[in-house]
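There are 4 protein chains.
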Amino acid sequence: MSDTLTLPYAATDARAPTKRIPVAVLGATGSVGQRFVQLLNGHPWFKLHEVVASERSAGKPYSEAADWRLDTMLPNDAAALPVKSLGAELQSHVIFSGLDSSVAGEAEDDYANRGCAVISNARNHRMDADVPLLIPELNADHVGVIERQQKRRGSRGYIVTNPNCSVVGLAMAIAPLERLYGIEQLHVTTMQAISGAGYQGVASYAILDNVIPYIGGGEEEKIEAEPRKILGRLENDRFVDAPFRICAQVNRVPTIDGHLMTISLGLRNRNFVNVEQVREAIDNFRGEPQNLRLPSAPRKPLHYVAGDDRPQPRLDRDREHGMSVSVGRLRPCPLLDLRMVALVHNTIRGAAGAAILNAELLEAKGLL
Amino acid sequence: MSDTLTLPYAATDARAPTKRIPVAVLGATGSVGQRFVQLLNGHPWFKLHEVVASERSAGKPYSEAADWRLDTMLPNDAAALPVKSLGAELQSHVIFSGLDSSVAGEAEDDYANRGCAVISNARNHRMDADVPLLIPELNADHVGVIERQQKRRGSRGYIVTNPNCSVVGLAMAIAPLERLYGIEQLHVTTMQAISGAGYQGVASYAILDNVIPYIGGGEEEKIEAEPRKILGRLENDRFVDAPFRICAQVNRVPTIDGHLMTISLGLRNRNFVNVEQVREAIDNFRGEPQNLRLPSAPRKPLHYVAGDDRPQPRLDRDREHGMSVSVGRLRPCPLLDLRMVALVHNTIRGAAGAAILNAELLEAKGLL
Amino acid sequence: MSDTLTLPYAATDARAPTKRIPVAVLGATGSVGQRFVQLLNGHPWFKLHEVVASERSAGKPYSEAADWRLDTMLPNDAAALPVKSLGAELQSHVIFSGLDSSVAGEAEDDYANRGCAVISNARNHRMDADVPLLIPELNADHVGVIERQQKRRGSRGYIVTNPNCSVVGLAMAIAPLERLYGIEQLHVTTMQAISGAGYQGVASYAILDNVIPYIGGGEEEKIEAEPRKILGRLENDRFVDAPFRICAQVNRVPTIDGHLMTISLGLRNRNFVNVEQVREAIDNFRGEPQNLRLPSAPRKPLHYVAGDDRPQPRLDRDREHGMSVSVGRLRPCPLLDLRMVALVHNTIRGAAGAAILNAELLEAKGLL
Amino acid sequence: MSDTLTLPYAATDARAPTKRIPVAVLGATGSVGQRFVQLLNGHPWFKLHEVVASERSAGKPYSEAADWRLDTMLPNDAAALPVKSLGAELQSHVIFSGLDSSVAGEAEDDYANRGCAVISNARNHRMDADVPLLIPELNADHVGVIERQQKRRGSRGYIVTNPNCSVVGLAMAIAPLERLYGIEQLHVTTMQAISGAGYQGVASYAILDNVIPYIGGGEEEKIEAEPRKILGRLENDRFVDAPFRICAQVNRVPTIDGHLMTISLGLRNRNFVNVEQVREAIDNFRGEPQNLRLPSAPRKPLHYVAGDDRPQPRLDRDREHGMSVSVGRLRPCPLLDLRMVALVHNTIRGAAGAAILNAELLEAKGLL
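Chains as they are written, first to last, in the working numbering: chain A, 584 to 951; chain B, 584 to 951; chain C, 584 to 951; chain D, 584 to 951.
In structure tokens:
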């Protein structure tokens, strides 16, 4: 519900910084940027100190530069911040990037080379050989590669990334299965919300009473590649992809938030698959953010939702403030081994919330 | 566009009846029944003579009993027909059934036993051993089993059925591939329109800004079973299923008409798959209704729609008055052989229009 | 956001009860009933003790009887309550009624005659001569008529009501103008959300890509009558209607929650109308719930929302947890004096939340 | 229904040109331009000869320059036309303008000064003192001012315009009342479809599950001004506005096509208002296009639709191929005299179809 100026961050006993760390947001006026501003409001560890956008917005107060579209109020502190221009010198050492991929590549490298910790939502550096593609519940140890990246840059700065919005849902949903049985292959069809394309991304004339079986920017390729890095191993500072293969087919549907997907998968060790056990493994799944009690960590990263017709975007996307992935309809597959449905809040767990959780992990590990 | 009281049935040189055959519609007030009434208006071979509904509507003029919801006007001739009660003696020998499956089983058997040709859209008798499950472009020869059915009934009456609304789209889309290479297995995820559930079937509170990953009534099971019968052979009056297997995952989405589906399939003979050749085979596909120039037959049963983001329900569902299936995005699959997207107008080609085409085939074959 | 088991009720120094008052909800499985259950969870003054529904649900646990549709989790305490049958003896003295109007009339009278305080959302008794039609910010003094009602019943029990969901928005939006200048007449056109009709009330086939210029149950008549009682005076235990007249035209639109309305009004004292002054009067409006700091009272009952294109249902309906009415676009009218746009969350401020605020007022006044 | 390459233009005995007149369309790639191309396909009097768009599209074939979005197929003849650049010399004497108002003003003047008959849908010249603002059923005689305009230009060229999309619906709906009783004042609240803003005009993120109580470009002012010119008289080559006044409040709603509006109006001669008589006057209303049997003329310009809940955009917008306005819910108003609901297909009768009907009138009057 709206008007809650402060999000209810859970009490935490993680090693909290002694005072709130000043942070900057790149691309602060866009849809991901606005989510950063919303979620950082009242954050116990980070304090929004600088907002950065394109030349066109530079110099204006944020309240004027941003056409605020979220259903909570624009936080007062943020409203008054003057927008800085992309590339400008920043006072913050910690930078969240909600930049569009058309500019993110260079700009993020630039700030990292200057010594900043860049926590990025953009796709540009996700597959770089020394950049972690993090989901802290799954591969917190991948931060180990950062040192190698710092060496390459000759700087204490670095980039870490979070996955594509659909990939977060997919990788988290299958992680318990990967651990239990090993995954061999999977088919996934996504039904993605319009907010994934930004505020102006999908015209209403294009999507009302319609489904569009395509999403630009290499969406299917990202979904087929990123989970293999995420669920892979870091060995001797090198990423080794998980061995499964993916077929992704993507669709845009007329929902506002929440990417839903059907999954059918084959397992490497299929001898003793027990559906009930898998359901429990999903619902009981926990990771580093839960162990560390990070402020943005959901109590449960995965919720197994009972009910033949769940999860559903409108009813389930906001679980644990949008930070949990919902899974349902787990059942045998007539062709492979199991099939199921997964749901992720694409602009929270799938974007800005993911990046903030990454930053919390970095701080808890002493890397900020 | 609306207000066209007569649908533009194509000129045909098929063996047309010397005068229009009087027909009855069972379940005439429901959503499929209304489509029957709409499509039969101005039909060159059939004349709507009787409308049948539940006891509650019996005796009322059709205009009063039916809460007409289509965007063309209720035809005047139909408006004046008095509604008869299900089970009543009918003057028509040819009967279209848009009955709900809760009552269709017995009622259809009853009329068939009395000597009527029952052309049904209901699911009840689709898988019966001596009932054809027809898509005239694919398996017109399956009408050969009718004689066996008549013998069982000891009557000249019989039942023929058309498939589930999604199955029509799926079976037609894959038929050219089955013929070229043989299909081994396929994964399909559907995104189905609300009209598939009838006028009251999906509450707006349930589906606005939402997707429901479930459809009741055994939808997935039907999609996994029916295509095997349709694409199978009739040998010595016995149906032999096509050998492929299917994994279906179904979803309800907020579109009004048009079931869209993503398909990934493996072929039996995969050595020389040529994507361009398959596209042409789809676009050039023709069948018995085209050869016979049946009045409801689309010029092309399948349209291959170019464009990365096609077919789309709102833009493509009405091709050839809703009687064509649209296919697009044919491309290699990283796991199996090919993947593609298909679209069918669920209440026309997927229901009432399918049944009328079946009746035209039966008439052309001298079976009415 | 979901999953917040406890709503953030504001700290209050109103005369709080020494312990939480047990309450019952009539019609607890319906859409208004579910909102009662949701909003009562964690309420500082009231404790949900009994849930009542139709015979069909009686005996089942609430979790089973209610098809829970809200986007927060069903509260655990409520889930376990056994459903009682309408008419059953209740232990609670305070009863919230979310009953359908088809049964509310008698059932509410019955419980009031037995001595209960019935706080009703149903329309049946709203216009009764000794039943308050309350919006605590506007006419808290109308509770003065309760004593007369108790005498009529020969019981300490009584009924109080809240207005129709659109009327709450309209009456609150115009109240500052009524006080400043007196209202003479007004035209209102509403665009009402589907949730106003209950979960099954509006079929998706009826409303997708559509607007329905009609709402049953005498909606327009209610909007034309109720505001006159609400903004009228209680004189010598008799209600005297406010003297203005209303023309209402209602529409159902495909939004989930939030009734939006355009208003054009003429004033009795139109000499010194100052648009800027009216905006401030709206934004500064306060009433008894704010003075008493009732737990459900919004900080500001009315928000004047700047911006040419506001208020909007999706962006503004949740202000102050749905308890505030938003007003915007105040400007001169070419025919009458002023025009403006108002928005109310129809199932919170317009229904269950309104009733709970009424109960809080009654408790604060020593009437429970 | 789609795929009808030729629209079913009615047979006509109006003075048809001996051969089809070549025409050009300005702004041919936009949403109004595409409707022009669609509606001109198969037109019995006009033949699409040239398509004109911005510099960016110039030289490309139309099929490539236009991102075709209508649910009929792009006509083959049009597909092959090379796009010309705005301002280029044209071979056609008759020009339809679907230009955006940002460029229409000068460009249309320019072509008119060069001797062309410019039939424009843009707002720029609608209120010019010597430019007719035509609805042929209402004010066909306003073409009398063209001669004066030609003199001003020193050219046989001229501009005629059709009204704003909402105004067409409003002016036609009230015309029978203006003739019967004279209108004094009216309140109108519109609920306008997204197609009115062009394909990219309304972002889905802005309008899904929402209503926007505002439309830019002076929409309310146009609705308050244009009907007075349309229903006014042409006296001595000067327009005299009809004497009534209008209060308009506009909203954007999530419908695809069809502007719905509630109207409340006061009459000058209110003594003998007879609701039944008014209904008949609406349904029996005819005008010059019906007398002349123009090809695009609907059989009935106004349909009075019975049923408490009609007209509705999805069910009624396509009456007579979108060229008829639907009216319903005529009933007394508690404040003024009558209230009612009207619906117009905004991109057909409210835009491209209106302009084509204007051109047909001009041709029938010997003015092309």
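Glycine included, every Cβ here is placed at the ideal spot set by N, Cα and C. If you're wondering where the values come from, they're calculated on a predicted model, not measured in any experiment.
- Under the 7 angstroms criterion on CB atoms, L885 (chain A) is classed as non-interfacial with respect to chain C.
- For Y741 (chain B), the nearest beta carbon of chain C is not closer than 7 angstroms to its own beta carbon.
- The alpha-carbon separation between L657 (chain A) and F679 (chain A) amounts to approximately 18 angstroms.
- The stretch 753-766 of chain A and the stretch 800-808 of chain B do not touch, with fewer than three beta-carbon pairs separated by less than 8 angstroms.
- Contact with chain A is absent for V836 (chain D), since none of that chain's Cβ atoms lies less than 7 angstroms from the residue's Cβ.
- Assigned with DSSP and collapsed to three states, Q674 (chain B) falls in coil, not helix or strand.
- When rounded, the separation of the alpha-carbon atoms in Y645 (chain B) and V606 (chain B) is 15 angstroms.
- A straight-line Cα-Cα distance of about 13 angstroms links M906 (chain C) and A925 (chain C).
- S749 (chain B) carries a helical assignment under DSSP once its states are collapsed to helix, strand and coil.
- Around the beta carbon of P884 (chain C), 16 or more other beta carbons sit within 10 angstroms, so the residue counts as buried.
- Using a CB distance cut-off of 7 angstroms, N929 (chain D) does not count as an interface residue toward chain C.
- 7 angstroms or more divides the Cβ of Y788 (chain A) from the Cβ of Y788 (chain D).
- Of all residues in the stretch 912-929 of chain C, only R912, C916, P917, L918, L919, R922, V924 place a beta-carbon less than 8 angstroms from a beta-carbon of chain D.
- Contact between the stretch 694-710 of chain A and the stretch 737-748 of chain A is present: three or more C-beta pairs spanning the two stretches fall below 8 angstroms.
- Between V635 (chain C) and A690 (chain C), the alpha-carbon positions lie close to 11 angstroms from each other.
- Of all alpha-carbon atoms in D:V726, D:S703, D:D891, D:R639, the one lying nearest the alpha-carbon of N747 (chain D) is that of D:S703.
- Any Cβ of chain A closer than 7 angstroms to the Cβ of T744 (chain B) would place that residue at the interface, and such an atom is absent.
- Excluding sequence positions up to five before and after R862 (chain B), its CB lies within less than 6 angstroms of the CB of Y887, L913, all in the same chain and listed in chain order.
- Within the same chain, and ignoring the five residues on either side of A599 (chain C) in sequence, the residues whose Cβ sits closer than 7 angstroms to its Cβ are P627, W628.
- Within the stretch 772-787 of chain A, the residues whose Cβ lies closer than 7 angstroms to some Cβ of chain B are T772, M774, listed in chain order.
- Closer than 7 angstroms to the CB of D654 (chain D) there is at least one CB belonging to chain B.
- In chain order, I839 make up the part of chain B whose C-beta sits under 7 angstroms from the C-beta of D792 (chain C).
- Taking 7 angstroms as the cut-off, the beta carbon of D840 (chain D) is found no closer than this to the beta carbon of A938 (chain D).
- Interface residue (Cβ-Cβ distance to chain C less than 7 angstroms): Y797 (chain D) is classified as such.
- Across the stretch 698-719 of chain A, no CB contact with chain B closer than 7 angstroms is found for any residue.
- For the stretch 772-849 of chain C, the continuous beta strand (DSSP E) assignments of 3+ residues that do not extend past its boundaries occur at 816-818, 821-823, 828-835, in sequence order.
- Between L673 (chain A) and L609 (chain A), the CB-CB gap reaches or exceeds 7 angstroms.
- With at least 16 other beta carbons inside 10 angstroms of its own, G936 (chain D) counts as buried.
- In the three-state DSSP reduction, F629 (chain A) falls in the strand class (E or B).
- In this structure, the alpha-carbon of D899 (chain D) lies about 32 angstroms from that of D899 (chain C).
- In chain order, P917 make up the part of chain D whose C-beta sits under 9 angstroms from the C-beta of E807 (chain C).
- By the CB criterion at 7 angstroms, H842 (chain D) and N929 (chain D) fall inside the cutoff.
- Approximately 19 angstroms separates the beta-carbon atoms of E871 (chain B) and L763 (chain B); this is outside 8 angstroms, ruling out the contact.
- By DSSP's assignment, I604 (chain B) forms a beta bridge with B:F629.
- In the three-state scheme derived from DSSP, where H, G and I count as helix and E and B as strand, F868 (chain B) is classed as coil.
- Nearest in C-alpha terms to A808 (chain B), of all of B:Y797, B:G799, B:D824, is B:D824.
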